[in-house]
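> Encoded as structure tokens, here's the structure I'll be asking about.
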Amino acid sequence: MPERTDAHAGGEHSARPGRGVLARAVATVATLALLVWLPAMVDPYTVHMLILTALAAVLAMSYRLLLVGGLASLCHGTFYGLGAYAFAIMTTKAGAPLIVGILAAIAVAAVAAALVGIPALRTAGAYFFLMTFAFYVVMQSLTQNFDSLTNGFAGIVGVGAPESLVDEVDWYYAALGLAVVSFAALYAVDRARWGLELRAVGAREDLAKAVGINMYLSLLLALVAGAAIAGVGGAMYASYTQAINPTSFGLWVSLAPLLYVMIGGPRYLIGSVLGAIYVTLVPLLSDWSAPMNAMFAALTLLLVIMLAPRGLYTTAVDAVRARVAGHDGAASAKESALAPAPAPVKADAPGTDAPPPSRNGAALLEAEGLRRSFDGVTAVNDVSLTISHGQIVGLVGPNGSGKSTIFNLLTGFLRPDEGSIVFAGEDITHAKPHRIARKGIARAFQSSVVFEDLTVYENVLVAVCAQRPANPLRRALLPVRARTGDTARARAVIDMVGLHEHAGVQAGSLPYGLKKALGVTVALATEPRLLAVDEPAAGMTEAETEALTAIIRRIRERGVSVIITEHRVSMIEALCDHVVALHDGRMIAEGTPAQVFADPLVQEAFLGQKHVEESVAVRD
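For what it's worth, the numbering used here labels the leading residue of the sequence shown as 503, then goes sequentially.
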């Protein structure tokens, strides 16, 4: 989101947002005034170049929507071209009104994006990129060879244009208007829940799933919405140039938006605009040849990757903010230990009330006969466990005993080869992670997994929002801060865990202990009935471990059941009502901590006789 302030938690930084908003408003008005006045200061050819630059900015902004979600496409220029062809065909061959041509451009580009996205988004990484490239190749072949519709290499001439646009200046204002409207719409998306979810998906896919985000749907909508905007841009390009052919939308048109956004920086919307201006306008003003243009763009991207990998604009903004703030937020995070005495939650804090722990022994989760193998190696073999309401259950065992695999099975990241999982009376054996999260099972990962590009407050807020239903329009455009119940819930959870002093700090700058605490906080923000915590104390100091133990106790006191894996016996003994011991994927013992750690099989498997004798002596 464009606003990345420390004001989320209130307090000492509360005055900064007002100054920031005023500064942005002044800068926006001044920029718009300059853009409106610009045609009067330059010759017609420069105005022509500015029109192409405005359309490049539209292409960049529409592409950034997907890139924020962590995916790069090689067919975005194809959507731009499909919009141009749809508009040209409707206004020339079909004789349709211009508005029908524009609607056709939007529809064709959006449908094409859906057709490529539905299968491609089920793949990952390079496979998605390759599938989008294959789509580009297919569409290029169609436009070149479907003579009856596209006129092949000859292209389409005499494309319809509005009668009111009579010269370059008129077209400049039309292109500028499209760019401004696109910016306003996508800026609203950035500030809305959907934009926050896309940033979360781009930052950490597994955590996004674990908090309840439907990653597939979010990315598909980003692809389709971006294609629709690109389609409108393509329609304007066709109308302005009056002629299009397959070479108008070659590979460069699909590579260009990637360069625009990477050079400017994907974090901020304005960065993609500035990237488009830089890459498009500099070569045009220099009157370079096409090979020189490509060399210039490639060299610029190479320098950006080496010197400013977050993009030129993002790097500049971060440098200015660090200088102005004097590293206040990062320094406070690095100097602070995990808060041992978190601020109390107000009794009337919205969304923080929870039922008291149930002590009637009723089963919340029942897993029966779980079995999972990898390439013929059995990681979990016939494991059954039951977790009651208000109970803390510990999974213990040496490395490779199957603990993390069981966590992946319970939270939907893996599916069992055999067995069943029933949660709150509902079979979730084959449910997807985001659906399991919404049903009430949350997960804190083994490593310090957080959304590193988001602030602490945003980390928690995205988890809160993922649990709330919202109609598509409100989800896409309503500022997330307008959902006061969600923001109050996020602050309350942050206060409960004791991270209120770090709410405005970027999560990636937190020390290890605070990241681990934030991981638990994010899981807690989903309002779970069962919290799965995977080795929470790994790499933490004794003081941090004690503080985290206190946090988990408070979580149980609020009615949340907990299943935890941990190598520190003292933490398991301090927290758990029931312990299950694993070895080589099998359950070898279960019972109270004292019973399990006294079991000879457990001692032999992973504790060591000497350690157990010392532990028993201390308890005695």
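Glycine included, every Cβ here is placed at the ideal spot set by N, Cα and C. Since this is a predicted model, take the numbers as computed values, not measurements.
Give me, in chain order, the residues of the same chain whose beta-carbon lies closer than 6 Å to that of residue 767; leave out the 5 immediate sequence neighbours on both sides.
773, 812, 813, 815 and 816, listed in sequence order.
> Could you give the first and the last residue of the continuous alpha helix (DSSP H) run that contains residue 678?
Looking at the DSSP string, the run of the alpha helix (DSSP H) that includes residue 678 is 670-693.
> What three-state label does DSSP hand residue 1008 in the structure shown?
Residue 1008: strand per DSSP, three-state reduction.
> By Cβ distance, which residues of its chain are closer than 7 Å to residue 1104, with the 5 residues on each side in sequence left out?
Here the set comprises 1083, 1090, 1091 and 1098.
> Where DSSP assigns a beta bridge to residue 896, which residues make up the other side?
Its beta-bridge partners are 1066 and 1081.
> With a threshold of 16 other CB atoms inside 10 Å of the CB of residue 1055, please say whether the residue is buried or exposed.
It is exposed - the Cβ of residue 1055 has fewer than 16 other Cβ atoms within 10 Å.
> Taking the beta strand (DSSP E) that residue 1051 falls in, what are its first and last residues?
That residue, residue 1051, is in no beta strand (DSSP E); its alpha helix (DSSP H) goes 1044-1059.
> Quick one: what's got a C-beta closer than 6 Å to residue 564's C-beta in the same chain, skipping five residues either side?
Contacts found: 728, 731 and 732.
> Can you tell me which of the three DSSP states residue 788 falls into?
Looking at residue 788 - three-state DSSP - the assignment turns out to be helix.
> Determine the direct distance from the alpha carbon of residue 874 to that of residue 918, and round the result to whole angstroms.
Computed Cα separation, rounded: 5 Å.
> Quick check: residue 714 and residue 969, are their CB atoms within less than 8 Å of each other?
Closer than 8 Å, so yes.
> Could you give the distance in angstroms between the alpha-carbon of residue 1005 and the alpha-carbon of residue 984?
Spanning the two alpha carbons is a distance of roughly 18 Å.
> Using DSSP's beta-bridge definition, name the partner residues of residue 879.
Per DSSP, 876.
> Tell me the start and end of each unbroken alpha helix (DSSP H) in the region 984-1044 that is at least 4 residues and wholly inside, in chain order.
Runs of the alpha helix (DSSP H) inside the region 984-1044: 986-999 and 1014-1027.
> Pull the bridge partners of residue 981 from the DSSP assignment, please.
Note: residue 981 sits in a beta bridge opposite 694.
> Just verifying my parser: in three-state terms, what is the DSSP assignment at residue 473?
What is shown of the chain runs 503 to 1122, which leaves residue 473 out entirely.
> Among 663, 716, 1023 and 645, which has the Cα closest to the Cα of residue 695?
Out of 663, 716, 1023 and 645, 716 has the C-alpha closest to the C-alpha of residue 695.
> In this structure, does DSSP put residue 575 in helix, strand or coil?
Of the three classes helix, strand and coil, the one that applies to residue 575 here is coil, per DSSP.
> Over what stretch of residues does the alpha helix (DSSP H) that includes residue 922 continue unbroken?
No alpha helix (DSSP H) contains residue 922, which is instead part of the beta strand (DSSP E) from 920-925.
> Which same chain residues, not among the five before or five after residue 604, have their C-beta less than 8 Å away from its C-beta?
Counting only Cβ-Cβ distances below 8 Å, and skipping sequence neighbours, we find 589, 734 and 737.
> How many Å lie between residue 764 and residue 777 at the Cα?
For residue 764 and residue 777, the distance between alpha carbons rounds to 8 Å.
> Do you know offhand how far residue 667's Cα is from residue 1010's?
Distance between the alpha carbons of residue 667 and residue 1010 is about 50 Å.
> Just reading off the beta strand (DSSP E) that residue 543 is part of, what are its end residues?
Residue 543 -> no beta strand (DSSP E), and no H or E assigned at all.
> Among the residues of its own chain, which have a CB less than 6 Å from the CB of residue 789, if the five just before and after it don't count?
Result list for residue 789: empty, nothing under 6 Å.
> Express the C-alpha separation of residue 779 and residue 1126 in angstroms, rounding to a whole number.
The structure shown does not extend to residue 1126, since the chain spans only 503 to 1122, so no value can be given for it.
> Got a sec, what are the start and stop residues for the alpha helix (DSSP H) residue 1106 sits in?
Premise fails: residue 1106 is in no alpha helix (DSSP H) and is neither H nor E.
> Contact check, residue 634 vs residue 575 under 8 Å by CB: the rounded distance?
Correct: roughly 4 Å between the Cβ atoms.
> Which stretch, first to last residue, makes up the alpha helix (DSSP H) that contains residue 1123?
As shown, the chain starts at 503 and ends at 1122. That puts residue 1123 outside it, with no answer to give.
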